[in-house]
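As you go down the protein sequences, you meet chains A and B in turn.
Residues in the first sequence are numbered from 1 upward in steps of one, following my numbering.
Residues in the second sequence are numbered from 1 upward in steps of one, following my numbering.
Even for Gly, the Cβ is constructed at its ideal location relative to N, Cα and C.
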Amino acid sequence: MHGLAFDIAHMLAGALVLLSLMMLYQDRLYALINVLALHALVLAMSVAWQAWVHDAPHLYITAGIALVFKAIVIPMALRRMVFQLRIHREIERVVGSGLTMLAAIALVALSLEVMLPVTEGVDPVSREDIALALSVVLIGLLMMVTRHNAVSQVAGFMSLENGIVLAATGAQGMPLVVEISVAFSVLIAFIVIGIFLFRIRERFDTVDVEALDKFRGERR
Amino acid sequence: MTGFDPLAAVLWLPLGAAAVLAALPGYVLPARLNVLACLASLVCAVSLFWHRPPAGDYLMVDDLNVVFIVLNTFVGFTTATFSASYIAHELQTGRLTLGFLRFYHAMYQVMMFGMNLALVANNIGLMWVAVELATLTTVVMVGIYRTPAAIEAAWKYFILGSVGIALALFGTILVYLAAQPVLGEGTGSMVWTVLITRAASFDPELLNVAFVFLLLGYGTKVGLAPLHAWLPDAHAEGPTPISAVLSGLLLNVALYALLRFKMLLAANPQALAPGPLMIGLGLLSLIFAGLMLYRRVDIKRLFAYSSIEHMGIIVFAFGVAGPLGNFAGLLQMTMHSLTKSAIFFTVGHITQAKGTQKLADMGGLTETHPVLGWTLVAGVIAIAGLPPFGVFMSEFLLVSSTFARQPVLAAAVVAGLLIAFGALLVQITPVTFGPPRGRNARVHASTLPIFAHLALVLLGGIYLPPALVAWFQHVAALLG
Chain A
1 MHGLAFDIAH MLAGALVLLS LMMLYQDRLY ALINVLALHA LVLAMSVAWQ AWVHDAPHLY
61 ITAGIALVFK AIVIPMALRR MVFQLRIHRE IERVVGSGLT MLAAIALVAL SLEVMLPVTE
121 GVDPVSREDI ALALSVVLIG LLMMVTRHNA VSQVAGFMSL ENGIVLAATG AQGMPLVVEI
181 SVAFSVLIAF IVIGIFLFRI RERFDTVDVE ALDKFRGERR
Chain B
1 MTGFDPLAAV LWLPLGAAAV LAALPGYVLP ARLNVLACLA SLVCAVSLFW HRPPAGDYLM
61 VDDLNVVFIV LNTFVGFTTA TFSASYIAHE LQTGRLTLGF LRFYHAMYQV MMFGMNLALV
121 ANNIGLMWVA VELATLTTVV MVGIYRTPAA IEAAWKYFIL GSVGIALALF GTILVYLAAQ
181 PVLGEGTGSM VWTVLITRAA SFDPELLNVA FVFLLLGYGT KVGLAPLHAW LPDAHAEGPT
241 PISAVLSGLL LNVALYALLR FKMLLAANPQ ALAPGPLMIG LGLLSLIFAG LMLYRRVDIK
301 RLFAYSSIEH MGIIVFAFGV AGPLGNFAGL LQMTMHSLTK SAIFFTVGHI TQAKGTQKLA
361 DMGGLTETHP VLGWTLVAGV IAIAGLPPFG VFMSEFLLVS STFARQPVLA AAVVAGLLIA
421 FGALLVQITP VTFGPPRGRN ARVHASTLPI FAHLALVLLG GIYLPPALVA WFQHVAALLG
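So this is what it looks like as structure tokens:
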């Protein structure tokens, strides 16, 4: 693999990292969901590109799942949820967006620093993909800890899963069973999350996870 | 033995039972069926000792996992027995409805399926899927009471568990990447029995990074500090049978996954030694949980922290490694699983009798409920690591083998054990002996599973059959 094919794969994976960074400073839920959908779309393109370049047709299934399920169905469902719960206001944050961005940039540097030296023997595309995928995973984690709203935590988790799918498809010839299971687990995960969100809504008037914290069991 | 495959039965039985239980109304028949399905799985699991199918691309039975499968199905069976009497009480008090109960029984079997699958999986991808399945089913079971506290606990468990499991998958992908140049593309590079034979030629650097991710990922599921935050809440807010299987089985399953990868690392001479990492995390969990035990006000949380403490001891033991360290770790895993689930059975009935989980509202149990009170005393003696119970044996073995090599570490372990012992003494004495406090309702307790577990733990402390010792030694050698 060389030349243009490599550049395109690299560009798509890099775009995923950029979108992850964009997600961090979205302070409205609708905007956040839009970026999440875009994130999934780029992932689908990246996976499809891998499928075409490596001539691995089963990866088109993964790309299709990412496109239909993550870029269309889930964002629509999330929008509905946000609308029904009437929470399309601003998101509260623990740390300011400037600090969060700096932390995210540090995480990208860290993951490149960790992954590139240890993957020297691996195919160059896999190598880039794994390093960038780790940044996406870490930024997803960062998003989950800096946001308190349940919907944005879900968005953080979804972007984290996207990073893992990128890594799994980047690893050449990884057996199909894992890719399908990843897609499946996202489905199950989403159902569970959905149930929880609605239960949370049923019991409280907010989906802010902090409101739940006061029910922690250690009251005297 | 033609036409009958016990390995397939261990997987299909729970799955089939789940489908049937999801369709059955009422609660008496499903509860019995639940017990029956678990018993049948246990019988099939035991038959694996004699009839062991060859390892395939996806499933395998070897010396390491066969005892965990038997332990898993055994505790699953006794917990189902306990659960039958427990839920009858929950129905009476209206905490659960019949609809939720149907869901509960079906989920119980799906969870057993997930755990059995994780134990027999020969493919590291499949193992990951199975652990995730078991996690998701326990998440919904933890939230089944639908109180605000239960939902909070389930949400927290779900978020932390998902993050852990995501990191574990990343580690799994890295292991595949390390194997791929040697074994080529495709399924073969994820089959554990193939990986272990060729691990010596994998890229050691990549394996190191992979192991760090796997340790953090599966370590979250094991409940190692500082990744333990989900564990006490999940144990305290879910139904008690689920606390028993969480502590007794699910933690073991996650640890088993970790052990498999540790073996891969041990098979590669250039890779980093996993010992120091595991010793560090284990010791941290042990001492942290020991200190936290003093401040608990809720009895189920108390024993949840005790589980963190014991997982710390076990991870420490496998970190020390060597024939004796691994032996101690395996024995401790078995004994902790039996003891802790027995304690949770007892605690489940006690909280039903007292109508609360607060330690402050319990007192003088040996007077008001002699059977429950004294079994709790026996269970706490066992879990605190006093003779003549089996936990004493394994902890003694661990301390003495550590002392021979690194006396400073041994001192740290002893300190941790003493801290935890003191905490249990301080917390449980007023509950069992002081003046009677709180409500004193009668409960219909099923004591048989409790006695069965405690008897086995006692037996483990007094007399270990030579066959079992030989087996433990053999597996300890495999673990490196």
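- Counting the other CB atoms within 10 Å of its CB gives Ile124 (chain B) a total of 16 or more, which places it among the buried residues.
- In this structure, DSSP gives Ala225 (chain B) a state outside helix and strand, which the three-state scheme calls coil.
- Leu169 (chain B) sits away from Tyr58 (chain B), with the two beta carbons spaced by 8 Å or more.
- Judged by their CB atoms, Asn268 (chain B) and Ala378 (chain B) are not nearer to each other than the 8 Å cut-off.
- For Val142 (chain B), there are no C-beta contacts with chain A under 8 Å, since the nearest C-beta of that chain is about 11 Å from it.
- According to the DSSP assignment, Val67 (chain B) belongs to the alpha helix (DSSP H) that extends over 63-92.
- For Leu424 (chain B), the CB contacts under 6 Å within the same chain, skipping 5 residues up- and downstream, are Val380, Ala384 in chain order.
- Taking a 10 Å sphere around the C-beta of Trp50 (chain B), we find fewer than 16 other C-beta atoms and assign the residue as exposed.
- Residue contact check for Val209 (chain B) against chain A: a CB pair falls below 8 Å.
- For Gly114 (chain B), the enclosing alpha helix (DSSP H) covers residues 98-120.
- A Cβ of chain A is located within less than 8 Å of the beta carbon of Tyr176 (chain B).
- Interface residue (Cβ-Cβ distance to chain A less than 8 Å): Ser162 (chain B) is classified as such.
- For Val191 (chain B), DSSP records a beta bridge to B:Asn123.
- Sorting B:Ala304, B:Val66, B:Leu11, B:Ser85 by C-alpha distance to the C-alpha of Ala31 (chain B) places B:Ser85 at the top.
- Under the three-state reduction of DSSP, Asp123 (chain A) is assigned to coil, being neither helix nor strand.
- In the same chain as Ala149 (chain B), and ignoring 5 residues on each side of it, the C-beta atoms closer than 7 Å to its own belong to Glu237, in chain order.
- According to DSSP, residue pairing for Leu59 (chain B) in a beta bridge involves B:Ala121.
- At a cut-off of 8 Å, the C-beta of Thr100 (chain A) has no neighbouring C-beta in chain B.
- Contact between Ser446 (chain B) and Phe82 (chain B) holds, with the beta-carbon distance rounding to 6 Å and staying under 8 Å.
- A direct Cα-Cα distance of roughly 11 Å separates Leu376 (chain B) from His349 (chain B).
- For Met144 (chain A), the chain B residues whose C-beta falls within less than 8 Å of its own C-beta are Ile159, Val163, listed in chain order.
- For Asp203 (chain B), the chain A residues whose C-beta falls within less than 7 Å of its own C-beta are Gly121, listed in chain order.
- For the 8 Å CB-CB criterion, Ala254 (chain B) and Val222 (chain B) form a contact.
- Under the Cβ criterion of 8 Å, Gln153 (chain A) is counted among the residues facing chain B.
- Near chain A, meaning a CB-to-CB distance below 7 Å, the residues of the region 278-310 of chain B are Val297, Asp298, Arg301.
- Residues of chain B with a Cβ closer than 8 Å to the Cβ of Gln172 (chain A) are, in chain order, Gln180, Glu185.
- Secondary structure remark: continuous alpha helix (DSSP H) runs of at least 4 residues inside the region 261-326 of chain B, in chain order: 275-293, 299-320.
- Residue environment analysis places Thr97 (chain B) among the exposed positions, since fewer than 16 neighbouring C-beta atoms fall within 10 angstroms of its C-beta.
- Membership of Trp50 (chain B) in any alpha helix (DSSP H) is not indicated, and neither H nor E is assigned to it by DSSP.
- In the structure shown, Gly173 (chain A) falls within a coil segment according to DSSP collapsed to helix, strand and coil.
- Taking the CA atoms as reference points, Pro241 (chain B) sits about 11 Å from Phe77 (chain B).
- Annotation: Tyr218 (chain B) to Phe158 (chain B) spans about 14 Å, alpha carbon to alpha carbon.
- Taking 8 Å as the CB threshold, Gly125 (chain B) lines the interface with chain A.
- The beta carbons of Lys300 (chain B) and His235 (chain B) sit about 6 Å from each other, so the pair counts as a contact at 8 Å.
- Exclusion of the five residues before and after Thr100 (chain A) leaves Leu24, Thr146 as the residues of its chain whose Cβ lies within less than 6 Å of its Cβ.
- Met76 (chain A) counts as exposed, since fewer than 16 other C-beta atoms from the protein chains shown sit within 10 angstroms of its C-beta.
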